Amino acid sequence: MESGKLLRTALIVVIAIAAISGTTDSVSERYAEQALTRALATFTVARTLNGVISVAQGTEVAVEPGGVGVILTPGQVLDPVNDLIERFSSVMLIAASSLGLQLVLLKITSSWVVTALLIAALCVWLATVWMQGIQGNRYVAMALRFSLMLVFVRFAIPVVIICTNFLFSAFLQEDQESATAALEGTSVKIEEINTNFDSQTSADSASESADIPSRIKRSTQEWLSGVGDWFGSIGVSAKMEQLKENASAATSHIVNLIAIFVLQTILFPLVFLWIFVEILKNAATQSISRIGTGS
Numbered sequence: 014m015e016s017g018k019l020l021r022t023a024l025i026v027v028i029a030i031a032a033i034s035g036t037t038d039s040v041s042e043r044y045a046e047q048a049l050t051r052a053l054a055t056f057t058v059a060r061t062l063n064g065v066i067s068v069a070q071g072t073e074v075a076v077e078p079g080g081v082g083v084i085l086t087p088g089q090v091l092d093p094v095n096d097l098i099e100r101f102s103s104v105m106l107i108a109a110s111s112l113g114l115q116l117v118l119l120k121i122t123s124s125w126v127v128t129a130l131l132i133a134a135l136c137v138w139l140a141t142v143w144m145q146g147i148q149g150n151r152y153v154a155m156a157l158r159f160s161l162m163l164v165f166v167r168f169a170i171p172v173v174i175i176c177t178n179f180l181f182s183a184f185l186q187e188d189q190e191s192a193t194a195a196l197e198g199t200s201v202k203i204e205e206i207n208t209n210f211d212s213q214t215s216a217d218s219a220s221e222s223a224d225i226p227s228r229i230k231r232s233t234q235e236w237l238s239g240v241g242d243w244f245g246s247i248g249v250s251a252k253m254e255q256l257k258e259n260a261s262a263a264t265s266h267i268v269n270l271i272a273i274f275v276l277q278t279i280l281f282p283l284v285f286l287w288i289f290v291e292i293l294k295n296a297a298t299q300s301i302s303r304i305g306t307g308s
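Structure representation (structure tokens):
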């Protein structure tokens, strides 16, 4: 019996020290700020990739072998990826908002007002443990429930942030960093291809006037036999293939990042919040039963 009282007393003291020292607050705030920075950085990468792809989609390559004009739009192969990136940007905005909300709630729940109320409630709880005369009073049970409610308010956000960060660091951080770096690389590659297309288009425009006499003299048969070599010389087909490969790789990385940030900012916090609530409910039930029996 005495050992149970000592255990509950130690728990109350630990909670009070944690509330006053603010250790959990500083740790969780640092973790939340790091997570928010990662989310905003990933959002920036997504918007950059969206812009690069939009430029690629607007690029037109004019091909005029034998005087017959053909307009190619190689960037259209990126349409599905661009749609996915726009949705991904929305997910990242929600994720960043969730992390920002956690930081705001953390500042509110760690305020001195909440801490002072919690310390007062813990003193009442401690009195119920050792003072036999007040045990069994229904107001004591109400005070205990209020104490546990304040424990939830004071520590729910820090506990959720710390536990979520633990799982993220252990299982998701490496994948998130590699996927983000891969998207940055994809942006650079697509931008290089855009530059090559622009250079080719400019070169074709500059040489168009000089080539008119020679193209007029070409026969239809010569054009048909040389069109394959002409495409190979400008490398349009190769560049389009590169765009397709980059689009496929980007799609995989975007899907991975969506899964990671949904887990980190929505599912994990909800799961840990539910676990914390269940622990406090169980603690309240056991403590109230002990008060009723006077143990």
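The sequence shown begins at 14 in the working numbering and counts up one residue at a time. Beta carbons: idealized from backbone N, C-alpha and C, even for Gly. As the structure is a computational prediction, the values presented were derived from the model and not from experiment.
*Candidates Ile267, Met253, Pro171 and Ala296, of which the one nearest Phe285 by Cα*: Pro171
*Near Ile61, which residues of its chain fall below 6 Å by C-beta distance, leaving aside the five closest residues on each side in sequence?*
Reading the sequence as shown, one finds Thr at residue 61 and not Ile. Answer for Thr61: Ser200, listed in chain order.
*Who are the Cβ neighbours of Phe281 in its own chain at under 7 Å, not counting the five residues just before and after it?*
Thr177 and Leu180
*Chain-order list of residues whose beta-carbon lies under 6 Å from that of Asn95 (same chain, five-residue window excluded)*: Ile66
*asked:* Need the endpoints of the alpha helix (DSSP H) that Ser67 sits in, please.
replied: Thr36 to Gln70
_Neighbourhood of Ala129 by C-beta, 6 Å cutoff - its chain only, sequence neighbours within 5 removed_ = none
_Anticipated Cβ contact below 8 Å, Val90 with Ala297, distance rounded_ = Their Cβ separation, rounded to whole angstroms, is 59 Å, which puts Val90 and Ala297 out of contact at 8 Å.
*For Arg21, I'd like the list of residues in its chain whose CB is within less than 6 Å of its CB, leaving aside the five on either flank, ordered along the chain.*
Val142
*Could you please give the first and the last residue of the uninterrupted alpha helix (DSSP H) stretch that includes Ile174?*
Arg151 to Leu180
*Can you tell me which of the three DSSP states Met144 falls into?*
coil
*Skipping 5 residues on each side, what residues in its chain have a beta carbon closer than 8 Å to that of Phe101?*
Ala59, Ile267, Leu270 and Ile271
_I believe Ala169 touches Phe289 by the beta-carbon criterion, under 8 Å. Please report the beta-carbon distance rounded to the nearest angstrom._
6 Å
*In three-state DSSP terms, what is Ser123?*
coil
*Nearest CA to the CA of Leu276: which residue from Met105, Val26, Gln70 and Gly17?*
Residue Met105 is the option with its Cα nearest to Leu276.
*Does the separation of the CB atoms of Ala109 and Leu196 fall below 8 Å?*
no
*Whose CA, out of Ser300, Thr37, Asn209 and Lys257, lies closest to the CA of Lys120?*
Thr37
*asked:* In whole angstroms, give me the CA-to-CA distance for Ile301 and Ala133.
replied: 18 Å
*asked:* Quick check: what's the CA-CA separation for Met155 versus Ala32?
replied: 21 Å
_Inter-residue Cα distance where the pair is Glu204 and Ala263_ = 14 Å
*Keeping to the same chain, check which residues put their C-beta closer than 8 Å to that of Ala54; ignore five residues upstream and five downstream.*
Answer for Ala54: Thr193, listed in chain order.
*Sort Gln47, Ser41, Val40 and Ile30 by Cα distance to Gln186 and report the nearest one.*
Gln47
*Can you grab the Cα-Cα spacing for the pair Asn295 / Ser160, in whole Å?*
14 Å
*Among residues of its own chain, excluding the 5 on either side of Ser111, which ones have a beta-carbon nearer than 6 Å to its beta-carbon?*
Hits under 6 Å: Thr278.
*Give me the Cα-Cα distance between Val27 and Ser16, rounded to the nearest whole angstrom.*
16 Å
*Cut-off 8 Å between Cβ atoms - residues of its own chain near Arg158, not counting five sequence neighbours on either side*: Ala297 and Ile301
*Determine the burial state of Ala23: buried for a count of at least 16 other Cβ atoms within 10 Å of its Cβ, exposed for fewer.*
exposed
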